[in-house]
Amino acid sequence: MTYRIAYTDDAGVERRSLAAERRKLFENGMTALAQNPYGCGSSAVRGDRDRRDATRQSATSPSSPT
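Shown next as structure tokens:
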């Protein structure tokens, strides 16, 4: 079973602005999360096991060289 992922308006804007290659990597990660929402570091929202919250590493800010 695959679950639905909902984005806030701000997250949706950022997601759509990703370069094609970076967006593909992001979508692959979100697909993995949708297939196993109880893993991947997600947590229940307000005690509802089936409503999950997960914060993923930023996909919009590439690492800057040091």
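Counting in the working numbering, the sequence shown runs from 35 upward without gaps. Every residue, glycine too, gets a C-beta built ideally from N, C-alpha and C. Predicted model, so just to flag it, every value in this text is computed and none were measured.
- Query: Roughly how many whole angstroms lie between the Cα atoms of R38 and D87?
  - Reply: Roughly 12 angstroms between the two C-alpha positions.
- Using beta-carbon positions only, say whether Q69 and T36 come within less than 7 angstroms of one another. yes
- Once you ignore the five residues that flank P71 on each side, which residues in its own chain have a CB closer than 7 angstroms to its CB? Y37, R86
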